[in-house]
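So the structure is just underneath, and the comments pick up after that.
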Amino acid sequence: MPDEYVPKDEERTEMEKGEKEETVYDAVGREKLVEDGEISPEEEGFMEGAEDDGEQGKCAYCGAELLGYDTVETKINGKIYWFCSEEHAEKFREKSKSEEE
Ligand SMILES: [Zn+2]
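Residue numbers (the numbering used here): 7 to 107.
So, in structure tokens, the structure goes:
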């Protein structure tokens with residue numbers, strides 16, 4: 007009875023198509039999630055840490071508020087620090103040097 011086979015075949019093909027499409031979307035979605043998961047935490051953590059390292063606005067040695075004009079910017083151990091004066095920048099540099107050793 008060919009009349010019975012034709013609709014069944016069409017149904018099966020449509021179901022297979024749907025399954026295939028779902029699988030493709032699933033794989034793409036999973037890949038994206040993995041990619042996001044691998045990149046985001048590391049990058050966010052790194053960026054947050056970099057922002058916390060140097061506190062612009064306060065002298066890293068004495069904690070005095072910096073108004074912007076006398077600010078001394080010094081890079082120590084790859085980090086940028088701000089100071090109220092060259093003197094404090096020097097003292098902080100010496101301090102962190104002895105702490106390193
Ligand atoms: Zn200071």
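C-beta: ideal position from N, C-alpha, C; glycine also.
Assigned secondary structure, residue 58 (DSSP; H/G/I helix, E/B strand, else coil): Residue confidence is low: residue 58 scores 46 on pLDDT, short of 50, so the model does not pin down where it sits. No coordinate-derived value is stated.
For residue 85, the first and last residue of its enclosing beta strand (DSSP E): 85-89
Beta bridge counterpart(s) of residue 64 as assigned by DSSP: 71
Whether residue 84 touches residue 72 by CB criterion (8 Å): no
Rounded straight-line distance, which links the Cα of residue 99 to that of residue 82: 7 Å
Of the residues 88, 96, 76 and 80, the one placed nearest residue 69, counting alpha carbons only: 88
Through-space distance from residue 105 to residue 94, alpha-carbon basis: 16 Å
Contact check, residue 86 vs residue 79, beta carbons under 8 Å: By the CB criterion at 8 Å, residue 86 and residue 79 fall inside the cutoff.
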